[in-house]
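Just so we're aligned: the sequence shown equals residues 1 to 186 in the UniProt record's numbering.
Virtual Cβ for every residue (Gly too), placed ideally from N, Cα, C.
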Amino acid sequence: MPPAPTPPNSAPARSRTPSATRSRPSSSASAPLVDSMGRRLQPVEKKAPPKKKEVDQVAVLKERLAKGHRLNDEELAQLELAAVARWHDLQREDEAEAQKARERAAEFERQREQQIQAELRQLKSVATAERVNPRRADRTVSDELRELRELRDAAARDREMLDEAVSRELEELRQWQGQRASQRQG
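Printed below as a string of structure tokens:
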């Protein structure tokens with residue numbers, strides 16, 4: 001809660017903090033600043049305010065148009081060029097996001113494939129070790145072979161799903177490019 005404003009003619013109240021009750025040298029310019037814990041404070045350098053940027057001409061034109069002013073052909077063309085440039089920027093951003101999503105999906109699939117391969121190697125090594133014991137080998141080998149087939153089938157399903165997703169993405173991209181081309185012509 002902010003402190004209540006003081007009347008203009010009254011002096012500010014002094015606080016009773018330890019730093020306020022300490023004696024201070026008369027020349028504050030030569031004495032270092034110290035906080036309530038006795039630590040030295042660095043003087044705060046005031047930064048020059050940033051230079052004002054030129055007023056965005058497009059924003060000015062938009063504002064004039066919103067207020068109902070009439071714009072000449074040159075100003076309308078400038079607004080149209082700015083809108084087209086913004087549209088292209090948005091398209092580039094969308095394409096970049098789609099590319100990142102595809103890269104993430106490919107990375108996920110690559111990691112999953114590596115994990116499956118590691119599990120397969122581990123299962124093969126366990127199967128090899130257990131083949132030494134002939135009594136357990138038949139049952140263990142059949143179980144491992146079944147698990148390997150299941151993993152292979154799961155990897156094939158995942159690959160098919162990824163192929164379908166990529167083909168859908170490509171189809172959407174082609175449709176989008178066709179629409180964009182027809183908009184340019186129209």
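As the crow flies, the alpha-carbon of glutamate 119 is around 12 Å from that of alanine 127. Uninterrupted alpha helix (DSSP H) stretches at least 4 residues long and entirely within the segment 56-89 occur at 57-66, given in chain order. Approximately 7 Å separates the beta-carbon atoms of valine 58 and glutamine 78; this is inside 8 Å, confirming the contact.
Pairing arginine 112 with glutamate 164, the inter-Cα distance amounts to about 17 Å. For glycine 186, the secondary structure class from DSSP, reduced to helix, strand or coil, is coil. The Cβ atoms of leucine 162 and glutamate 109 lie closer than 9 Å to each other. Rounded to the nearest whole angstrom, the CA to CA distance from arginine 157 to glutamate 150 is 10 Å. If you check the CB distance, glutamate 97 and lysine 124 do not come in under 9 Å. Shown here for leucine 76: not one same chain residue has a beta carbon closer than 8 Å to its own, the five before and five after excluded.
Taking 9 Å as the cut-off, the beta carbon of alanine 85 is found no closer than this to the beta carbon of isoleucine 116. The alpha carbon of tryptophan 176 has as its nearest neighbour, out of Arg92, His69, Gly68 and Leu71, the alpha carbon of Arg92. Annotation for serine 182: no residue places its beta carbon closer than 7 Å to its own, counting only its chain and skipping 5 residues before and after.
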